[in-house]
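Chemist: FYI, the numbering for the sequence shown is 1 to 393, going by the UniProt record's numbering.
Using N, Cα and C, we set each Cβ at its ideal position, and we do this for glycine too.
What follows is a single structure, and I will ask about it in a moment.
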Amino acid sequence: MKDKIKQLANDLAGEFVANRRHLHQNPELSYEEFKTQQYVATRLKEIGITPTEIANTGLVATIEGNNPSSKIVALRADMDALPIVEANDVPYKSLNQGVMHACGHDVHTASLLGVSKILYNLRNEFDGTVKLVFQPAEEKAPGGASVMIAEGALLNPAPSKMLGQHVAPNIPVGKIGFREGMYMASADELYFTVKGKGGHGAMPELGIDPVLITSHIIVALQQIISRNRNPRYPSVLTFGKVIANGATNVIPNEVYVEGTFRAMDEVWRADALARIKKMAEGIAESMGGTCEVFIQKGYPFLKNEPELTRRMKGAAVEYMGEENVIDLDIWLAAEDFAYYTHHVDSCFYRLGTRNEEKGIISGVHTPTFDIDESALEIGAGLMSWLAVSELAL
Numbered sequence: 001m002k003d004k005i006k007q008l009a010n011d012l013a014g015e016f017v018a019n020r021r022h023l024h025q026n027p028e029l030s031y032e033e034f035k036t037q038q039y040v041a042t043r044l045k046e047i048g049i050t051p052t053e054i055a056n057t058g059l060v061a062t063i064e065g066n067n068p069s070s071k072i073v074a075l076r077a078d079m080d081a082l083p084i085v086e087a088n089d090v091p092y093k094s095l096n097q098g099v100m101h102a103c104g105h106d107v108h109t110a111s112l113l114g115v116s117k118i119l120y121n122l123r124n125e126f127d128g129t130v131k132l133v134f135q136p137a138e139e140k141a142p143g144g145a146s147v148m149i150a151e152g153a154l155l156n157p158a159p160s161k162m163l164g165q166h167v168a169p170n171i172p173v174g175k176i177g178f179r180e181g182m183y184m185a186s187a188d189e190l191y192f193t194v195k196g197k198g199g200h201g202a203m204p205e206l207g208i209d210p211v212l213i214t215s216h217i218i219v220a221l222q223q224i225i226s227r228n229r230n231p232r233y234p235s236v237l238t239f240g241k242v243i244a245n246g247a248t249n250v251i252p253n254e255v256y257v258e259g260t261f262r263a264m265d266e267v268w269r270a271d272a273l274a275r276i277k278k279m280a281e282g283i284a285e286s287m288g289g290t291c292e293v294f295i296q297k298g299y300p301f302l303k304n305e306p307e308l309t310r311r312m313k314g315a316a317v318e319y320m321g322e323e324n325v326i327d328l329d330i331w332l333a334a335e336d337f338a339y340y341t342h343h344v345d346s347c348f349y350r351l352g353t354r355n356e357e358k359g360i361i362s363g364v365h366t367p368t369f370d371i372d373e374s375a376l377e378i379g380a381g382l383m384s385w386l387a388v389s390e391l392a393l
């Protein structure tokens, strides 16, 4: 079976590239993936697979092997792009000005289309069912995964295992990365409005300085990370936007602050967010002002089920060779595949796309992001092999 998958992936590699280039040229923002949805649905129907629309711009479909109810494995790809002006000078450059596939979702979608064709051709040679999940809006809260789950993407049929992959521009093409357990962080957005009483900078005694209050809040909140957090669980609190709009001699009436909080444990996450709100409000009140705190809850932390991940890593070694399968470190970025990991045993792994000789070195979310397209043959072939390996157990 492994050799058949490799041969099909090699034979179809040109098709994978063509699909990826079409998607790359026609990116759509989160919750607006209507043409992408139509394109994917058309490609699936050409294969012989009938998709079902879900979550407005998403799709689900199944490939039934022998004894289809024996085991069900779900495979996920995200489809949305980012509001970035592409700077690459390539034939497949974005035609949608100001929108770009700068996080590799075109690669994920093209790879899963490749998996669909490979496994449909081999459907009489494996037991169980493969569920295909083409998801919108990974890049924008509340996250397309949460909407997909709410609308039944993990039901009828319900998978017992789920796999997802993501491009890794820091990993050379030809290599794959895995990590058991905690892998990626939850991500919540923090918005503060610190209010005081503005006035002349030379007469601060007549006002209530919200800039000073904000400074105390930002510094003090770091003790929640350093003194209240269990050191075994990584966590980050960062403030990246502070707007006072005063002047050299003007104390403003209010200061606006934006930040992010990241965690790897849901109990700590809830506790920390409550502490952040209470401390910010309390410090402002003690200094004569107020602090309005708004917290936009984001994605949960992503956990790779250990036994499943070990099996997938072992299967990847069989497919790629031990020298091409690496261990990943914890990463405090966020990914809405995390929602699936809290509903079904899951494994989220990384697909190497870097090629320094070709100058393909830019990171995700940058205007020069690109991939070595030989990763598409690997991405589609490996995911196919991982799926049938899990179904065979």
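#1: Taking the beta strand (DSSP E) that T353 falls in, what are its first and last residues?
#2: Report yes or no: do three or more beta-carbon pairs, one from the region 162–178 and one from the region 197–217, lie closer than 8 angstroms?
#3: Look at the Cβ atom of V257, then the Cβ atom of Y340, and state whether they are nearer than 9 angstroms.
#4: N96 by DSSP, collapsed to three states: which one?
#5: Could you give the distance in angstroms between the alpha-carbon of G128 and the alpha-carbon of E64?
#6: Shortest alpha-carbon distance to M279 belongs to which of E32, Q223, K4 and G359?
#7: Any chance you could list the alpha helix (DSSP H) runs of at least 4 consecutive residues sitting entirely within the region 41–97, in chain order?
#8: Return helix, strand or coil for S235, following the three-state DSSP convention.
#9: Mind the definition here: the region 264–281 touches the region 182–201 only if three or more C-beta pairs lie below 8 angstroms; say whether that holds.
#10: Using beta-carbon positions only, say whether P159 and A74 come within less than 9 angstroms of one another.
#11: Among H200, V219 and K297, which one has its Cα closest to the Cα of V250?
#12: Should I276 be labelled buried (16 or more other beta-carbon atoms within 10 Å of its own) or exposed?
#13: Use the C-beta contact count for R354: other C-beta atoms within 10 angstroms, 16 or more gives buried, fewer gives exposed.
#14: Mark G143 as exposed unless 16 or more other C-beta atoms lie within 10 angstroms of its C-beta, in which case mark it buried.
#15: Look up E258 in the DSSP assignment and give the residues it is bridged to.
#16: Could you tell me the alpha carbon to alpha carbon distance between M79 and K35, rounded to whole angstroms?
#17: Do three or more CB pairs link the region 148–159 to the region 300–315 at distances below 8 angstroms?
#18: Could you check where the beta strand (DSSP E) with D327 kicks off and where it finishes?
#19: Within a Cβ cutoff of 6 angstroms, which residues of the same chain sit near E322, ignoring the five residues on either side of it in sequence?
#20: Please give me, in chain order, every unbroken run of the alpha helix (DSSP H) with length at least 4 that falls completely inside the region 265–290.
#21: According to the Cβ coordinates, are L382 and V107 closer than 9 angstroms?
#22: Is it buried or exposed for P27, if we count other Cβ within 10 angstroms and need 16 for buried?
#23: By Cβ distance, which residues of its chain are closer than 6 angstroms to I218, with the 5 residues on each side in sequence left out?
#24: Give the straight-line distance between the Cα atoms of I5 and N121, rounded to the nearest whole angstrom.
#25: Do you know how far the Cα of E138 is from the Cα of L95?
Modeler: Inspection of the coordinates gives the following:
#1: D345 to R354
#2: no
#3: no
#4: coil
#5: 6 angstroms
#6: Q223
#7: none
#8: strand
#9: yes
#10: yes
#11: H200
#12: buried
#13: buried
#14: buried
#15: Y191 and K241
#16: 11 angstroms
#17: no
#18: V325 to D327
#19: none
#20: 266–286
#21: no
#22: buried
#23: F239
#24: 10 angstroms
#25: 21 angstroms
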